[in-house]
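Asks:
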Amino acid sequence: MTQLPNTLPALFPGLAGLPPDLAAEVERQAIPMRADAGSVLFDAGLACQALPLVLEGGIRVSKRAENGREIRLYGVHPGELCIVTVSCLLGGNAYPATGIAETDISALALPRPLFLALTAQHAPFRDAVFGLFAERLTGLMTLVEEVTFHKLDQRLAAWLAARAPTVLASHQDIAQELGSVREIVSRLLKQFEEQKFVLLGRERIEVLAPTSLKKWASGMSS
């Protein structure tokens, strides 16, 4: 029997007002889990067996190509659900992407039978699940549009401007976010530094001219 945290209904409103029988099943079946930063929580090709409800920390969900390049799809933080996991649990499919703990995380894992029972029997949870699809689909379509139609220098400029004034990330981290490789990102960052848009440090970037970066991102050189 798991002692559920008092904050669970506030973080996940879809679990509020559970009927007594379902509430008892959540307490009986939910599995507390902890993972250190950098831990692989799930990987492409593996069976999907449970839905993590993140209580503390964050998960990076990414897609890795055969050549080793990786692009971040989205993050999962407290109160959010992982659409890749939800999709796999509903369809009984293997994971198509990888989930890595960005920080130390604390979570509750809902086994697939419990997840399916909650989806079928508790309307607020079902609404949260399907509302997630609409929200994440919009985000993923935006990502596809950016990768397909925007040049990497424009995407990088927009990414930096959105995180001004200070970005704490390595060139490799940024490359993974943008679906590129470190060498290209480093070259573009050096170009931006020469333009006095940024000041580069060790895993730290000071954004000096966010307005100029926004103009660059829109296709207007500055």
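The working numbering puts the first residue of the sequence shown at 76, with every later residue one more than the last. We treat Cβ as the ideally placed atom computed from N, Cα and C, and that holds for glycine.
For the beta strand (DSSP E) that A182 lies in, which residues bound it at each end?
Replies: 180-186
Asks: Could you tell me the boundaries of the alpha helix (DSSP H) in which V267 lies?
Replies: The amino acid at residue 267 is misidentified as Val; the sequence shows Phe. First-last of the alpha helix (DSSP H) with F267: 257-269.
Asks: Checking 8 Å against the spacing of the C-beta atoms, do A85 and L130 come in under that value?
Replies: In this structure, A85 sits away from L130, with a CB-CB distance that is not shorter than 8 Å.
Asks: Put F117 into one of helix, strand or coil per three-state DSSP.
Replies: strand
Asks: Which residues in the same chain as L235 place their Cβ atom closer than 8 Å to its Cβ, once the five residues preceding and following it in sequence are excluded?
Replies: V242, F267, F272, V273, I280, V282, P285, L288
Asks: Here's a check: name, in chain order, each residue in its chain whose Cβ is nearer than 7 Å to the Cβ of V159, leaving out the five neighbours to either side.
Replies: Excluding residues up to 5 positions away in sequence, V136, Y170, P171, A172 lie with their Cβ nearer than 7 Å to the Cβ of V159 in the same chain.
Asks: Give me the Cα-Cα distance between E102 and C123, rounded to the nearest whole angstrom.
Replies: 21 Å
Asks: Can you check which of these residues, L148, A125, P188, L121, is closest to T217 by C-alpha distance?
Replies: L148
Asks: Where does I106 land, buried or exposed, given buried means 16+ other C-beta within 10 angstroms?
Replies: exposed
Asks: From what residue to what residue does the alpha helix (DSSP H) around E252 run?
Replies: Start and end: 246-253.
Asks: Please report the straight-line C-alpha distance between A184 and M295, rounded to a whole angstrom.
Replies: 47 Å
Asks: Give me whichever residues DSSP pairs with K138 in a beta bridge.
Replies: I146
Asks: What's the gap between the Cα of T82 and the Cα of P153?
Replies: Approximately 10 Å between the Cα atoms of the pair.
Asks: Do L212 and L263 count as a contact pair if the criterion is CB distance below 8 Å?
Replies: no
Asks: So for M295, helix, strand or coil by DSSP?
Replies: coil
Asks: Which residue's Cα is closest to the Cα of V260: E141, A119, L227, T77?
Replies: L227
Asks: Taking the C-alpha atoms as reference points, what is the distance between K265 and A250?
Replies: Looking at the two C-alpha atoms, the distance is approximately 14 Å.
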